[in-house]
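What the sequence shown shows, in our numbering, is residues 117 to 185, in sequence order. C-beta: ideal position from N, C-alpha, C; glycine also. To start, the structure itself, in structure tokens.
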Amino acid sequence: RPCCTGVLGDCILTSRDDCHRRRGVYHPRAHLCSQVDCIQKVCGMLEFFVARLPDQVYRFWTAIFIHAG
Numbered sequence: 117r118p119c120c121t122g123v124l125g126d127c128i129l130t131s132r133d134d135c136h137r138r139r140g141v142y143h144p145r146a147h148l149c150s151q152v153d154c155i156q157k158v159c160g161m162l163e164f165f166v167a168r169l170p171d172q173v174y175r176f177w178t179a180i181f182i183h184a185g
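In structure tokens, the structure reads:
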């Protein structure tokens, strides 16, 4: 099953246990890496406006309004 690892959205086919050891995101319903969107799962707090184009504008707003000091 596909496992999304790393900050670049790399996808490997592996077991659930191996994916958790790698601290990845496991996709039990998919069979191939082409069936999952690793960038969205690894980087996205919200859905992207355009698929496959990471837009993380929420980081600007959370840094302004939710800060620790």
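beta-carbon residue i near the ligand ADP non-hydrogen atom, thresh 6 angstroms
i    : result
C127 : With respect to small molecules bound, the structure shown includes none, and the ligand ADP cannot be examined in it.
Bridge-paired residues (DSSP) for residue i
i    : result
L148 : L148 pairs with nothing; no bridge assigned.
T178 : Answer by DSSP bridge pairing: none, since T178 is not bridged.
V141 : C120
Coarse secondary structure for residue i, derived from DSSP in three states
i    : result
D153 : coil
I128 : strand
Same chain, Cβ closer than 8 angstroms to residue i, five either side skipped, listed in chain order
i    : result
S150 : none
P100 : The structure shown has nothing for residue 100, since the chain only spans 117 to 185.
A199 : Not covered by the structure: residue 199. The range shown for the chain is 117 to 185.
Supposed close pair residue i, residue j - CB separation, criterion 8 angstroms
i    : j    : result
C119 : R138 : 7 angstroms
Contacts around residue i, its chain only, beta-carbon distance under 6 angstroms, and the 5 residues preceding and following it disregarded
i    : result
Y142 : C119, R132 and C135
Beta-carbon proximity list for residue i, same chain, < 7 angstroms, skipping 5 on both sides
i    : result
L148 : P118
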